[in-house]
């Protein structure tokens, strides 16, 4: 496909244009949006959505609606939000996001069904036998996926199951059920919505390394057994101070060869504060590098930023002294990173 083969040839121009741009305008117009630039590329451009901000901040809401054609629930589809008490489900916030997406011609990524974090307080290993935990997990997955059947096109089914060294993470599910819970989760989700695309998802797995090797082996093994794994998600939480992985495209390409989709699911590029022009240029390069790899790959289908504005970014609350991790400033001005993404999309189409 010419669009994807030409990306690397034009990336330097995309970055040069981004960094030299001055006084980026507040977004909101369709004609110069990321969504418009991505049209025809084969890659959807998405953002994680903070539902409190969506309800209370009109400018934020406008940008979500006009700049992106895919949305992910930042928190409101996680287990603690949708099943705060055993067997009692609260879909209200998640349903609002799905309705918003439908009204604005957007698709929805579901995040996430099985994770070691943000689980409800009632779900503790000590309270249940392994057989009970297996039934709880099955019920939760099938109930949630069935509720959104036909309205969520991708699910992060199993999230962050490996350590950086490629060993399985010690979780309530691994201890109680063994590694077979991963395959079971995919089977149960597929039974609940056979048309949804089902993903593994993790961080520090963008390049070729021990963790991505483990995911590659797992995907190959389970697909050979008929387990319905359709996609491999790379979160893309990067930091300017650490540099960027140089083997991203090689990694994406090998999953291509397995016949699964790939996606960059939670991209942000943080930096040590204060911000300066050099850091912003490096940040623009980081955002664009992942997008290049996606555009070059045959089966990379979406690229999602984990929040688009520093106004609501999770980064400062987790990484002391760091921030400015998104393509927009706190006052919703477009950064060079935004321009790099847009220009990479545009130039890849020619």
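In mature numbering (1 follows the signal peptide of the UniProt record, and there is no 0), the protein residues as written are -25 to -1, 1 to 325.
Beta carbons are placed, not taken as given, at the ideal position from N, Cα and C, and that holds for glycine.
No experiment lies behind these values; they were computed from the predicted model shown.
(request) Please name the residue in 134, 165 and 129 whose C-alpha comes closest to that of residue 118. (result) The residue with the shortest Cα to Cα distance from residue 118 is 165.
(request) Assuming residue 238 and residue 276 form a contact by the criterion Cβ under 8 Å, report the distance between their Cβ atoms to the nearest whole angstrom. (result) 6 Å
(request) Check the C-beta distance from residue 241 over to residue 216 and give it rounded, since I have them as a contact under 8 Å. (result) Rounded, the Cβ-Cβ distance is 19 Å, inconsistent with contact.
(message) Check for me: the beta strand (DSSP E) holding residue 132 runs from which residue to which?
(response) 129 to 134
(message) Let me see if you follow: with CB-CB separation under 9 Å, is residue 68 close to chain D or not?
(response) Judged by its chain identifiers, the structure shown contains no chain D, having just a single protein chain.
(request) Specify the secondary structure class of residue -4 as computed by DSSP and reduced to three states. (result) Residue placement at residue -4 is poorly supported in this model, since its pLDDT is 37, which falls under 50; the coordinates are not used for a value here.
(message) Going by beta-carbon coordinates alone, are residue 71 and residue 40 separated by less than 9 Å?
(response) Cβ distance not < 9 Å, so residue 71 and residue 40 don't count as in contact.
(message) Quick check: the Cα distance between residue 377 and residue 204, rounded to an integer number of angstroms?
(response) The structure shown does not extend to residue 377, since the chain spans only -25 to 325, so no value can be given for it.
(message) Could you check whether residue 109 and residue 145 sit closer than 9 Å to each other, using their CB atoms as the reference points?
(response) no
(message) I need the boundaries of the alpha helix (DSSP H) containing residue 114, first residue and last residue.
(response) 105 to 122
(message) Measuring only the C-alpha atoms, how far is residue 312 from residue 262?
(response) 6 Å
(request) Rank 155, 52 and 129 by C-alpha distance to the C-alpha of residue 95 and give the top, closest one. (result) Looking from the CA of residue 95, the closest CA among 155, 52 and 129 belongs to 52.
(request) For residue 172, I'd like the list of residues in its chain whose CB is within less than 7 Å of its CB, leaving aside the five on either flank, ordered along the chain. (result) 128, 129, 205, 206 and 236
(request) Would you kindly work out how many angstroms separate the C-alpha atoms of residue 269 and residue 167, rounded to a whole number? (result) 29 Å
(request) Could you check the C-alpha separation between residue 318 and residue 63 for me, to the nearest Å? (result) 46 Å
(message) Below 8 Å on the Cβ atoms is my contact criterion, and I expect residue 132 with residue 197 to pass it. Report the Cβ-Cβ distance as a whole number of Å.
(response) Contact doesn't hold; Cβ gap of about 11 Å is too wide.
(message) Looking at the strands, I want to know which residues DSSP matches up with residue 212.
(response) 243
(request) Tell me, to the nearest whole angstrom, how far the beta carbon of residue 80 is from that of residue 139; I am working on the premise that it is less than 8 Å. (result) In fact, because the Cβ distance is near 38 Å, the residues do not count as touching under 8 Å.
(request) Report the rounded CA-to-CA distance for residue 35 versus residue 22, giving the unit in angstroms. (result) 12 Å
(request) Take residue 213 as the anchor and find which of 178, 189 and 252 has the nearest alpha-carbon. (result) 178
(request) Go through its chain and collect everything with a Cβ distance to residue 60's Cβ below 7 Å, but skip five positions before and after it. (result) 97
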